[in-house]
Every structure is written in C-alpha cells, then in structure tokens.
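S.K.:
Residue numbers (UniProt numbering): 1 to 267.
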C-alpha cells in the first residue's frame, strides 16, 4: 500500500525539532498491506480539517477555529503522565479519573492534543483483549462514550486510493500509529466478534455516516458509545466536532522522541 501524500499546507515552526529527529530514523516497513503509512508531516497537519461545529440537528456555521495542528509532547508532562492502568507495556488513563480533566469534554482533535502533551495519544484498540479492557472501563464506570484514535481516511491524499474504496469499509485506520483497521463489515483477524455496532441513528450497521444526511458533516472519527442506541457498548462513527471524554495510551513514538531530546529524563 503506497503512502498517502502530505497535505499541501504550511507547517508551524513547532514541528521542526520533531521532524528533524524522526528524519534520522530509518523506517523501512514491508507490511504495507496492513498499514496506512501516513508520513508524520501529514499526521502533524491532519487536524487542520477538524474544526468545531454545532450540535447534530443544527445547520453548520462557519468555523471560528481555523488551522489547528497536532501538539508536540511536553517533557515535564510526559515524565509525570497519569498511569492508571497498563496493558502490554503501555500506560493508559481515562480522562474522567484525572482531576485536571475530570469534568472535561473535548472534540476529537483536542482530545488527541491533550494526550500527546503527555507523550500519549488517543487509545487504539488493535486487539480484542485491549478492546475488552476499554469496554470494561466504560461499563464499570458507566461512561456514556469516549473518543478513540480511530479516523476515516477522507482527507487530502486519500481521494485516489483504490485500496481504500469504498471508504466506509476499507478507509478506517488508527491515527495514533497509522495502522489500518480491518474492513468494517468483517470480524477483525484474531477477534471473536465485530466491534462495530449493528445499529445507529439510521438503524443500520456502523459506520453509517448518518450526520452527513442531517447537516452535511462527515462522521470521520471513531467513538465507543455505551448503549446509546440500545446496542450495548460498541464502535460508532461520529462527527469529530462532538465533545467527549477520552482514553489516552502511551505513544512509543513520542516517548522515544522526548527520551532522545531530553537526556536523563525519567519517563
């Protein structure tokens, strides 16, 4: 699978150090059939397409939040990041259990940026075991919904990718690590069930891009909803402007960057 072309947009100066560091890394990958290899430069500006918008049943106004970018990690925050639970060497936290974020609901991009400042990113449920862990968190704490790093490849660079068509089936990936998801109408390899909900606003299997029919907004981000449609805890495509709590997971890429640019730091 060939790489997605970078978005033709100017970069903020804050990205320079991170790009310089990662440029030194040799990243030869042969499992392209399993990944959407978004270049980091593109990942840093991916968020420019995500802007604040109104409630689902309203007309879309012009955004007052232009040009938003992914945040760089903050070394002190990384060293003191919340570590509420651990899975296979990665630390996680649920925003509702962290005093600084307990009453905070944010859109998808803001959630990513909060996580990234801690050398983390939104959670990516790549295995059934990890998914079940997040589902238990939601069930045991009666969490109504959370953001994940799941994203639809519907932005600049994705438009001529035959391997992603139809995008509702083949265009979803985990933005935290750029790993492609299994087709949405199939049980993922190694799983015993399909985590996408059987129903939603349009009473059809997810993802359904339901909000596009209401106000023209694409449902391009992946949220886990807790029985919102009497469907139990399940994955749903949701417009990225909605505000929700979130789960952060360690980002090896960001942790390695901070470790290599801050000698002696304990992460």
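Ideal Cβ positions, reconstructed from N, Cα and C, are used throughout, including at glycine.
Remember, it's a predicted structure, so these values are computed and weren't measured experimentally.
So, is residue 30 buried or exposed, given that buried needs 16 or more other C-beta atoms within 10 angstroms?
M.R.: In the chain shown, counting from the first residue as 1, residue 30 sits at position 30. Per-residue confidence for residue 30 stands at a pLDDT of 39, beneath the threshold of 50, marking its modelled position as unreliable; no derived number is given.
S.K.: Compute the distance between the beta-carbons of residue 223 and residue 146, then report whether it is under 8 Å.
M.R.: Counting from one through the chain shown, the residue named residue 223 turns up at place 223. Counting from one through the chain shown, the residue named residue 146 turns up at place 146. Cβ atoms of residue 223 and residue 146: closer than 8 Å.
S.K.: Using the Cα positions of residue 249 and residue 124, report the straight-line distance between them to the nearest angstrom.
M.R.: What you label residue 249 is simply residue 249 of the chain shown in a count that begins at 1. What you label residue 124 is simply residue 124 of the chain shown in a count that begins at 1. When rounded, the distance between both Cα atoms is 8 Å.
S.K.: Once DSSP output is grouped into helix, strand and coil, what is the label at residue 265?
M.R.: In the chain shown, residue 265 corresponds to position 265, counting from 1. Three-state result, residue 265: coil.
S.K.: With residue 92 as the anchor, note down where its beta strand (DSSP E) starts and where it stops.
M.R.: Translated into the one-based positions of the chain shown, residue 92 becomes position 92. Counting along the chain, the beta strand (DSSP E) containing residue 92 begins and ends at 90-94.
S.K.: Look at the alpha carbon of residue 209 and the alpha carbon of residue 139, and state the distance between them as a whole number of angstroms.
M.R.: One-based indexing of the chain shown puts residue 209 at position 209. One-based indexing of the chain shown puts residue 139 at position 139. Whole-angstrom Cα-Cα distance: 25 Å.
S.K.: Taking residue 150 and residue 78 to be in contact with their CB atoms under 8 Å, please state how far apart those CB atoms are, rounded to whole angstroms.
M.R.: Residue 150 sits at position 150 when you count from the first residue of the chain shown. Residue 78 sits at position 78 when you count from the first residue of the chain shown. About 23 Å separates the two Cβ atoms, so there is no contact after all.
S.K.: Thinking just about the alpha-carbon of each residue, which of 115, 142 and 166 is nearest to the one in residue 153?
M.R.: For the purposes of this step, residue 153 is taken as residue 153 along the chain shown, with counting starting at 1. Residue 153 has its Cα closest to that of 166, out of 115, 142 and 166.
S.K.: Do residue 73 and residue 254 have their CB atoms nearer than 8 Å?
M.R.: Sequence index remark: in the chain shown, residue 73 carries index 73 (1-based). Sequence index remark: in the chain shown, residue 254 carries index 254 (1-based). In this structure, residue 254 lies closer than 8 Å to residue 73 by Cβ.
S.K.: Terminal residues of the continuous beta strand (DSSP E) containing residue 234?
M.R.: Reading the chain shown from its first residue, position 234 is the one you call residue 234. Segment 233-238, the beta strand (DSSP E) holding residue 234.
S.K.: Considering only residues of the same chain and omitting the five flanking positions on each side of residue 91, which have a CB-CB separation below 6 Å?
M.R.: Here residue 91 refers to the residue found at position 91 when the chain shown is read from its first residue. Cβ within range, chain order: 83 and 250.
S.K.: Looking at C-alpha atoms only, which residue of 112, 163 and 202 is the closest neighbour of residue 214?
M.R.: Within the chain shown, numbered from 1, the residue matching residue 214 stands at position 214. Selected option, being the one with the closest Cα: 202.
S.K.: Given a threshold of 16 other Cβ atoms within 10 Å of its Cβ, counted over all protein chains shown, does residue 129 qualify as buried or as exposed?
M.R.: Within the chain shown, residue 129 is the residue found at index 129, counting from 1. It counts as exposed.
S.K.: Given a cut-off of 8 Å on the beta-carbon distance, is the pair residue 169 and residue 183 in contact?
M.R.: Taking the chain shown and counting its residues from 1, the one referred to as residue 169 is at position 169. Taking the chain shown and counting its residues from 1, the one referred to as residue 183 is at position 183. Yes, they are a contact pair.
S.K.: Near residue 280, what residues of its chain come up, given a Cβ to Cβ distance below 8 Å and the 5 sequence neighbours on each side ignored?
M.R.: The question about residue 280 has no answer, for the chain in this structure spans 1 to 267.
S.K.: Please return the same chain residues whose Cβ sits closer than 8 Å to the Cβ of residue 189, not counting the five positions on each side in sequence.
M.R.: Along the chain shown, read from residue 1 onward, the residue named residue 189 stands at position 189. Excluding positions up to five away in sequence, the list reads 182.
S.K.: With a CB to CB cut of under 6 Å and the five nearest residues on each side skipped, what residues in its chain are close to residue 234?
M.R.: Position 234 of the chain shown, counting from 1, holds the residue named residue 234. Excluding sequence neighbours, residue 234 sits near 197.
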